[in-house]
């Protein structure tokens, strides 16, 4: 017999999934059955009704959404998370500037794109569009950073031209250092993914 599986409209925690499955079993009138089919197709019984409870008594079936809050643990987590957010904020800002810069260049085909191509021609660099950082493509952040470092002088030149309105995307020297460091870290991951 195939059971009708329902949509669980809440968090898919162990507790919520167990409740949904129990409801399905009750709706089919088989919640009191304690038989199962093993991997070889043999039907057997789980034994006494309390045996399953005995087997699962030491399991933590709660998740972070259903677990009671521990104020001491939460305060420590908040402090650590706040410190982490403070440490990555400059990196996040530099990435956001590069992402927005790439978007502006690509989508301004009449003003910024021709200016970009002209600057690259002056610098004798191959005319290319900066790759976008796409969250569903694993190595796109690395590709964007690699491109930004290779075309740094072009990016600096076009962001210096205030009439183009890209001055807000100018990166200071310490942000370029962070970009280089992040690129070096991501290169290891890219190499690992391309190895296999």
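Numbering (the working numbering), first residue to last: 137 to 332.
For every residue, glycine included, the Cβ atom is placed at its ideal position computed from N, Cα and C.
- [ ] Give the DSSP-derived three-state secondary structure of residue 251 in the structure shown.
- [x] By one-based count along the chain shown, residue 251 stands at place 115. Helix at residue 251.
Task: Distance between residue 268 and residue 288 (C-alpha atoms, nearest Å) - done: For the purposes of this step, residue 288 is taken as residue 152 along the chain shown, with counting starting at 1. For the purposes of this step, residue 268 is taken as residue 132 along the chain shown, with counting starting at 1. Each residue's alpha carbon lies about 16 Å from the other.
Task: Three-pair Cβ contact test at 8 Å for the stretch 309 to 323 versus the stretch 276 to 292 - done: yes
TODO: State yes or no: is the C-beta of residue 251 within less than 8 Å of the C-beta of residue 307?
DONE: Numbered from 1 along the chain shown, position 115 holds the residue referred to as residue 251. Numbered from 1 along the chain shown, position 171 holds the residue referred to as residue 307. The criterion of a C-beta distance shorter than 8 Å is not satisfied by residue 251 and residue 307.
- [ ] Go to residue 292, then tell me how far its alpha helix (DSSP H) extends in each direction, as first and last residue.
- [x] The residue labelled residue 292 in the question sits at position 156 within the chain shown. Residues 288 to 296.
- [ ] Run the CB neighbour count on residue 265, radius 10 Å, all protein chains shown included, and call it buried at 16 or more, exposed below.
- [x] Here residue 265 is taken as the residue at index 129 of the chain shown, counted from 1. Classification of residue 265: exposed, given that the 10 Å Cβ count is below 16.
- [ ] Give me the Cα-Cα distance between residue 217 and residue 228, rounded to the nearest whole angstrom.
- [x] Stepping through the chain shown from its first residue, residue 217 is reached at position 81. Stepping through the chain shown from its first residue, residue 228 is reached at position 92. Roughly 15 Å separates the two Cα atoms.
- [ ] Check whether the Cβ atoms of residue 239 and residue 305 sit closer than 8 Å, and answer yes or no.
- [x] Here the question's residue 239 lines up with position 103 in the chain shown. Here the question's residue 305 lines up with position 169 in the chain shown. Not in contact: residue 239 and residue 305 (Cβ atoms no closer than 8 Å).
Open item on the list: Here's the rule I'm using: 16 or more other beta-carbon atoms within 10 Å means buried, otherwise exposed. How should residue 259 be labelled?
Closed with: For the purposes of this step, residue 259 is taken as the residue at position 123 of the chain shown. Counting Cβ neighbours within 10 Å, residue 259 comes out exposed, since fewer than 16 surround it.
TODO: Helix, strand or coil for residue 155, going by three-state DSSP, please let me know.
DONE: One-based indexing of the chain shown puts residue 155 at position 19. It is helical.
TODO: Using the Cα positions of residue 299 and residue 290, report the straight-line distance between them to the nearest angstrom.
DONE: What you label residue 299 is simply residue 163 of the chain shown in a count that begins at 1. What you label residue 290 is simply residue 154 of the chain shown in a count that begins at 1. Near 16 Å, if we compare the C-alpha coordinates of residue 290 and residue 299.
Open item on the list: Here's the rule: buried if 16 or more other CB atoms are within 10 angstroms of the residue's CB, otherwise exposed. What is residue 233?
Closed with: As a working note, residue 233 is residue 97 in the chain shown. Classification of residue 233: buried, given that the 10 Å Cβ count is 16 or more.
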